[in-house]
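Following the numbering used here, the numbering of the sequence shown begins with 2 at its first residue and continues without gaps.
Each residue gets a CB set at the ideal place from its N, CA and C atoms; glycine is no exception.
A quick note: this is a predicted structure, and the numbers were derived from the prediction, not measured.
Shown next, in structure tokens, is the structure this report addresses.
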Amino acid sequence: MQIIDGKKISQEIKDELKAKVEMMKANGDKIPCLAVIQVGNDPASSVYVGNKKKACEYIGIGSKSYELPEETSQDELLSLIDALNNDDEITGILVQLPVPKHIDEDTIIRRISPNKDVDGFHPMSVGALLIGEDGFLSCTPAGVIQLLKRSGVEIAGKECVVIGRSNIVGKPMSVLLLRENGTVTICHSRTKNLKEVCKRADILVVAIGKPKMITSEYVKEGACVIDVGIHRMENGKLCGDVDFEDVAEHCSFITPVPGGVGPMTIAMLMNNCLKNI
Ligand code: GUN
């Protein structure tokens with residue numbers, strides 16, 4: 002059994018990107034600049050936003066931060082996005098989700114110019130992914146593919162089961178696995194015989210949002226298990242959607258929480274920031 006070290010792999014990717022930015026600077030190329038918008042001060046969002054800004058600094062690209070109060074109106078947020086869409090210095094725009102309830106997430110996502118959609122959430126980006134065109138890939142699923150490839154896990158021809166069908170993880174994840182020639186099944190809350198379906202998987206990607214739900218009863222001997230979930234337990238420690246202690250010994254590969262998929266999201270965001278520059 003091999004534990005996939007997402008921290009190490011994300012560091013490798015960030016170092017590759019840092020070297021790329023150094024080359025761009027030496028050539029006198031335009032250097033990307035990411036605009037990061039946070040509305041309100043949800044503590045988890047503040048941590049993510051802080052890490053995204055740190056990653057920009059690490060690889061050597063610009064970042065601009067917009068911390069707006071909770072009561073910011075939707076129109077005010079849309080005006081800021083319009084201004085950033087029209088600002089040539091800004092090459093990527095990210096609105097940290099979730100936004101406050103009085104703001105419609107879809108309206109915000111659609112307003113970001115598809116050329117600057119480094120989160121890969123715009124319907125144009127999602128459509129490009131679906132038909133196999135080049136575009137910004139949703140960061141977490143793209144990070145999972147990198148974890149698999151860089152750990153030597155073959156995807157082509159494998160039974161891949163994705164649990165979860167969100168627009169941010171489950172759906173793009175299944176399309177990316179399909180693009181890598183996996184045989185893909187998507188499971189969700191209405192799936193019958195979930196255990197039996199999961200037990201078919203050579204590669205099981207779990208993004209359900211329920212702490213430690215996936216036990217060894219769901220996992221085939223020798224499977225590769227990727228855990229996208231993250232939860233804080235009562236004892237203050239973090240855990241995933243997979244019961245790691247119970248499942249690990251049955252796997253060929255498994256990602257831990259923390260230190261598995263999480264760090265990859267930011268590495269892939271940085272990768273998107275260097276795209277099309
Ligand atoms: N909230 C949780 N994950 C993400 C993400 O990948 N991007 C943004 N913008 N917000 C998020």
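query: With C-beta atoms as the reference, is Val243 less than 7 Å away from Ile209?
result: As a first step, residue 243 must be located in the sequence shown, where it is residue number 242. As a first step, residue 209 must be located in the sequence shown, where it is residue number 208. For Val243 and Ile209, no; Cβs fall outside 7 Å.
- request: State yes or no: is the C-beta of Met271 within less than 7 Å of the C-beta of Leu69?
  value: On the sequence shown, residue 271 is found 270 positions in, with the first residue counted as 1. On the sequence shown, residue 69 is found 68 positions in, with the first residue counted as 1. For Met271 and Leu69, no; Cβs fall outside 7 Å.
field: Within 7 Å, strictly: CB atoms of Tyr67 and Ile38
entry: Counted from its first residue, the sequence shown places residue 67 at position 66. Counted from its first residue, the sequence shown places residue 38 at position 37. Contact: yes.
query: Taking the continuous alpha helix (DSSP H) assigned at Thr266, which residues delimit it?
result: Within the sequence shown, numbered from 1, the residue matching residue 266 stands at position 265. Note, Thr266: alpha helix (DSSP H), 263-274.
message: On the DSSP letters alone, give me the boundaries of the alpha helix (DSSP H) that Gln75 sits inside.
response: To locate residue 75, count along the sequence shown from 1; it is residue 74. First-last of the alpha helix (DSSP H) with Gln75: 75-86.
Three-way DSSP call (helix, strand, coil) for Ser64 in this model: Start at 1 with the first residue of the sequence shown, and residue 64 comes out as number 63. DSSP places Ser64 in strand when its eight states are reduced to three.
- prompt: If you check the beta carbons only, do Ile60 and Lys102 fall under 7 Å apart?
  reply: For the purposes of this step, residue 60 is taken as the residue at position 59 of the sequence shown. For the purposes of this step, residue 102 is taken as the residue at position 101 of the sequence shown. Contact: no.
Minimum C-alpha distance to Gly230 - residue among Ser167, Glu222, Leu178, Cys252: Against the sequence shown, residue 230 aligns to sequence position 229. It is Ser167 whose Cα lies nearest to the Cα of Gly230.
- prompt: Heavy atom of the ligand GUN less than 6 Å from the Cβ of Gln147, yes or no?
  reply: Along the sequence shown, one-based indexing puts residue 147 at 146. Every heavy atom of the ligand GUN is 6 Å or more from the Cβ of Gln147, so no.
- prompt: Would the beta-carbon of Asp228 fall within 7 Å of that of Val185?
  reply: As a working mapping, residue 228 is identified with position 227 in the sequence shown. As a working mapping, residue 185 is identified with position 184 in the sequence shown. No. Outside cutoff.
- prompt: Going by alpha carbons, who is nearest to Ser64 out of Ser80, Asp76, Leu85?
  reply: Position 63 of the sequence shown, counted from the start, is the residue given in the question as residue 64. Measuring from the Cα of Ser64, the nearest candidate turns out to be Leu85.
query: Taking all protein chains shown into account, do 16 or more other C-beta atoms lie within 10 angstroms of the C-beta of Pro142, making it buried, or fewer, making it exposed?
result: Counting from 1 along the sequence shown, the entry for residue 142 is found at position 141. Under this definition Pro142 is a buried residue.
Length of the line joining the Cα atoms of Lys8 and Thr266: The residue given as residue 8 occupies position 7 in the sequence shown. The residue given as residue 266 occupies position 265 in the sequence shown. Approximately 11 Å, taken between the alpha carbons.
field: Rounded separation between Lys193 and Ser11 - CA only
entry: Here residue 193 is taken as the residue at index 192 of the sequence shown, counted from 1. Here residue 11 is taken as the residue at index 10 of the sequence shown, counted from 1. Spanning the two alpha carbons is a distance of roughly 36 Å.
- prompt: Cα-Cα, which of Cys57, Ile164, Ala224 is closest to Leu195?
  reply: To locate residue 195, count along the sequence shown from 1; it is residue 194. Taking only the C-alpha atoms, the option nearest Leu195 is Ile164.
message: Is the beta carbon of Ile110 closer than 7 Å to that of Phe122?
response: Taking the first residue of the sequence shown as 1, we reach residue 122 at position 121. Taking the first residue of the sequence shown as 1, we reach residue 110 at position 109. For Phe122 and Ile110, yes; Cβs fall inside 7 Å.
field: Three-way DSSP call (helix, strand, coil) for Gly230 in this model
entry: What you label residue 230 is simply residue 229 of the sequence shown in a count that begins at 1. In this structure, Gly230 counts as coil in the three-state DSSP scheme.
query: Measuring CA to CA, which of Ile113, Ser80, Arg191, Ile146 is closest to Leu179?
result: Residue numbering aside, residue 179 sits at position 178 when the sequence shown is read from its first letter. Closest option to Leu179, Cα to Cα, is Ile146.
- prompt: Taking the alpha helix (DSSP H) that Phe245 falls in, what are its first and last residues?
  reply: Locating residue 245 in the sequence shown gives position 244, counting from the first residue. Start and end: 245-248.
message: Rounded to the nearest angstrom, what separates Cys161 and Asn273 at their Cα positions?
response: Counted from its first residue, the sequence shown places residue 161 at position 160. Counted from its first residue, the sequence shown places residue 273 at position 272. Each residue's Cα considered, the two are about 25 Å apart.
- prompt: For Asp105, which residues from the same chain have a beta carbon less than 7 Å from its beta carbon, with the 5 sequence-adjacent residues on both sides left out?
  reply: On the sequence shown, position 104 is the one that residue 105 refers to. Excluding sequence neighbours, Asp105 sits near Gln75.
field: Minimum length 3: unbroken beta strand (DSSP E) runs contained in the segment 32-58
entry: 34-40
task: State the DSSP-derived secondary structure class of Thr184, mapped to helix, strand or coil.
output: Numbered from its first residue, the sequence shown carries residue 184 at position 183. Reduced to three states, the DSSP call for Thr184 is strand.
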